[in-house]
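Q: Going by full-length UniProt numbering, the sequence shown opens with residue 1, and the numbers climb by one from there.
Next up is a structure, given as structure tokens.
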Amino acid sequence: TKTISKCYVQVTGMTCASCVANIERNLRREDGIHSILVALMAGKAEVRYNPAVIHPSAIAELIRELGFGATVMENCGEGDGILELVVRGMTCASCIHKIESTLMKTNGVLYCSVALATNKAHIKYDPEIIGPRDVIQVIKDLGFTTSLVKKDRSASHLDHKQEIRQWKRSFVVSLVFCIPVMGLMIYMMVMDSQLSGAHAHHNMSSEEMEARHSSMVLEYQLLPGLSVMNFLSFLLCVPVQMFGGWYFYIQAYKALKHKTANMDVLIVLATSIAFVYSFVILLVAMAEKAKVNPVTFFDTPPMLFVFISLGRWLEHVAKGKTSEALARLISLQATEATIVTLGPDNVLLSEEQVDVELVQRGDIVRVIPGGKFPVDGRVIEGHSMVDESLITGEAMPVTKKPGNTVIAGSINQNGALLISATHVGADTTLSQIVKLVEEAQTSKAPIQQFADKLSGYFVPSIVAVSVVTLFAWIIIGFVDFEIVEKYFLGYNKSISAAEVIIRFAFQASITVLCIACPCSLGLA
Numbered sequence: 001t002k003t004i005s006k007c008y009v010q011v012t013g014m015t016c017a018s019c020v021a022n023i024e025r026n027l028r029r030e031d032g033i034h035s036i037l038v039a040l041m042a043g044k045a046e047v048r049y050n051p052a053v054i055h056p057s058a059i060a061e062l063i064r065e066l067g068f069g070a071t072v073m074e075n076c077g078e079g080d081g082i083l084e085l086v087v088r089g090m091t092c093a094s095c096i097h098k099i100e101s102t103l104m105k106t107n108g109v110l111y112c113s114v115a116l117a118t119n120k121a122h123i124k125y126d127p128e129i130i131g132p133r134d135v136i137q138v139i140k141d142l143g144f145t146t147s148l149v150k151k152d153r154s155a156s157h158l159d160h161k162q163e164i165r166q167w168k169r170s171f172v173v174s175l176v177f178c179i180p181v182m183g184l185m186i187y188m189m190v191m192d193s194q195l196s197g198a199h200a201h202h203n204m205s206s207e208e209m210e211a212r213h214s215s216m217v218l219e220y221q222l223l224p225g226l227s228v229m230n231f232l233s234f235l236l237c238v239p240v241q242m243f244g245g246w247y248f249y250i251q252a253y254k255a256l257k258h259k260t261a262n263m264d265v266l267i268v269l270a271t272s273i274a275f276v277y278s279f280v281i282l283l284v285a286m287a288e289k290a291k292v293n294p295v296t297f298f299d300t301p302p303m304l305f306v307f308i309s310l311g312r313w314l315e316h317v318a319k320g321k322t323s324e325a326l327a328r329l330i331s332l333q334a335t336e337a338t339i340v341t342l343g344p345d346n347v348l349l350s351e352e353q354v355d356v357e358l359v360q361r362g363d364i365v366r367v368i369p370g371g372k373f374p375v376d377g378r379v380i381e382g383h384s385m386v387d388e389s390l391i392t393g394e395a396m397p398v399t400k401k402p403g404n405t406v407i408a409g410s411i412n413q414n415g416a417l418l419i420s421a422t423h424v425g426a427d428t429t430l431s432q433i434v435k436l437v438e439e440a441q442t443s444k445a446p447i448q449q450f451a452d453k454l455s456g457y458f459v460p461s462i463v464a465v466s467v468v469t470l471f472a473w474i475i476i477g478f479v480d481f482e483i484v485e486k487y488f489l490g491y492n493k494s495i496s497a498a499e500v501i502i503r504f505a506f507q508a509s510i511t512v513l514c515i516a517c518p519c520s521l522g523l524a
């Protein structure tokens, strides 16, 4: 008997099914090659050869001569099939031993482990020798009932609907309250500039008097130290802080719990400090019954939350789009297959319905008109037109006759076909496409990894800078009060110098924090 070895070759540069046919046809003619199977999406050829006649490197060379890139894959363990089963009827450790020892004696089973607590069996096997149905039969013969662990085909882990909803809600809440705050702010700015212009000329026209008047309405103090403007800003800011920022707080809390600092931490820090500082300053002003209204930062949190929740919302919408495409792809897979047993001269002896996962390589599968192909295979008998638009995108049905290849998930149109399964389970074209898309979604772009790494240093350094700012100004203030006086305009002469300095230092450090936040937009 001549020994048959198996090797895998990574093939690059294949564009369509005709490339696959070309490689398979040419290599079959070579001496020492027993059989060859090429998977287009995986870019992988599985070759069974006689090691006495030919070596894997020579096989790769033959493929290269056909104009493709080829390298021999070292880890040949990829050909192993893995089976997860639920086994019922086990009562004690001896049952487990019985199942494991019987399976390990079975030709083709490489590894087997059974857990009594979970009723699960994990089996590795060589798909060349044995298939999942044979394994299940062995366990059934021992007197246990067994079934496949059901895979979740709905792709629910790809669903972003909930996140989309929550960020949209965050965004809308923040926006509703942000617009009036921005309106008030812009109005005040315009009025202030008009007033300062008027002060310079000392002679005010009637419009300027009106401007002065309407600006006075906002500056009007409801209580000593509490102006209408500040009161309105405060009212509009509270709901944003509570509802708009809710998810940010949760994420920031989780990040801090794991001793990491992410963007959410920075956003929460800036908005909370701005909010708390403004609130405290208002209380202090009211306690002092100040004549001049304090400068508050109530406009910061709503605007920041608006920008960032909009960004998050869009991000999840984009993710949802890709995932939707994936979920649709996954839903194209057939769930059952009709396996037939053929006698001499292709006479139908029997047929049975089985789960797609139980189809083994080399099985004969019957596909009725209007049915989906459960696995990739080669037509043995029958003529039909097949709609392959899901994979190839061509609208016209393709004629299939014996010897043609068919793709899992495509739809048989008018004739019944018998096909021999060549790629099953995770090796089918459709599974490979799904796998590629999933990998593309989970892997990060290099620039994104870089940004994540940066933001790890970015947040602590910004916090440090703002703390430094705070102390630097306090020191400067106590050393040379004139500098502070020069920059801190319109402060009430009645309050003490120390308080002026501390207030100004706080303003400067919060400004640093708040300004650093839109930087995170840049990183995002």
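Idealized CB from N, CA, C, for every residue including glycine.
Out of curiosity, what's the CA-to-CA distance linking Ile308 and Trp473?
A: 30 angstroms
Q: Would Glu61 count as contacting chain B if we go by Cβ distances under 9 angstroms?
A: No chain B is part of this structure, which consists of one protein chain only.
Q: Just to confirm the assignment: which complete alpha helix (DSSP H) runs, minimum length 4, are found wholly within the region 50-91?
A: 56-65
Q: Check whether the region 329-344 touches the region 169-186, taking contact to mean three or more Cβ pairs, one atom from each stretch, closer than 8 angstroms.
A: no
Q: Which term fits Pro302, buried or exposed, when burial requires 16 or more other beta carbons within 10 angstroms of its beta carbon?
A: buried
Q: Buried or exposed, going by whether 16 or more other CB atoms sit within 10 Å of the CB of Ile501?
A: buried
Q: Which residues share a DSSP beta bridge with Asp376?
A: His423
Q: Check whether the region 224-236 touches the region 281-298, counting contact only when three or more Cβ pairs, one atom from each stretch, lie closer than 8 angstroms.
A: yes
Q: Would you kindly work out how many angstroms separate the C-alpha atoms of Glu163 and Gly425, rounded to a whole number?
A: 32 angstroms
Q: Provide the residue(s) that pair with Arg366 in DSSP beta bridges, ordered along the chain.
A: Per the DSSP secondary-structure output, Arg366 pairs in a beta bridge with Thr338 and Leu418.
Q: Using only the heavy atoms of the ligand NAD, determine whether one of them is closer than 8 angstroms to the beta carbon of Ala497.
A: This structure lacks the ligand NAD; in fact it carries no ligand of any kind.
Q: With three or more beta-carbon pairs closer than 8 angstroms as the criterion, would you say the region 406-421 touches the region 367-375?
A: yes
Q: Measuring alpha carbon to alpha carbon, tell me which residue in Val468, Val398, Glu499 and Ile380 is nearest Ala17.
A: Val398
Q: Quick one: measure Cβ to Cβ for Val484 and Gly477, integer angstroms, because I've assumed they're closer than 8 angstroms.
A: 5 angstroms
Q: So Val406 and Gly377 are supposed to be a Cβ contact under 8 angstroms. How far apart are they, rounded?
A: Yes, Val406 and Gly377 are in contact; Cβ-Cβ is about 6 angstroms, under 8 angstroms.
Q: On the three-state DSSP scale, how would you describe Thr118?
A: coil
Q: Give me the Cβ distance between Leu417 and Val379, rounded to the nearest whole Å; I'm assuming they're in contact under 8 angstroms.
A: 6 angstroms
Q: Please work out which residues of its chain come closer than 8 angstroms, Cβ to Cβ, to Leu223, disregarding the five sequence neighbours upstream and downstream, and give them in chain order.
A: Cβ within range, chain order: Met286.
Q: Of the residues Trp313, Lys321, Ser420 and Glu394, which one's Cα is nearest the Cα of Val365?
A: Ser420
Q: For Asp355 and Leu148, which I take to be in contact (beta-carbon distance under 8 angstroms), what is that distance rounded to the nearest angstrom?
A: At roughly 6 angstroms, the Cβ-Cβ gap stays under 8 angstroms, so Asp355 and Leu148 are in contact.
Q: If we ignore side chains and look at the alpha-carbon of each, how far apart do Ala275 and Ser174 end up?
A: In the sequence as presented, Ala is not what sits at residue 275; that position holds Phe. Going from the Cα of Phe275 to the Cα of Ser174 covers about 15 angstroms.
Q: In three-state terms, what does DSSP make of Thr322?
A: helix
Q: List the whole-angstrom C-beta distance separating Phe144 from Ile99, where the pair is believed to meet the contact cut-off of C-beta under 8 angstroms.
A: 7 angstroms
Q: From Gln432, Arg361 and Ile510, pick the residue whose C-alpha is nearest to that of Gly131; which is it?
A: Residue Arg361 is the option with its Cα nearest to Gly131.
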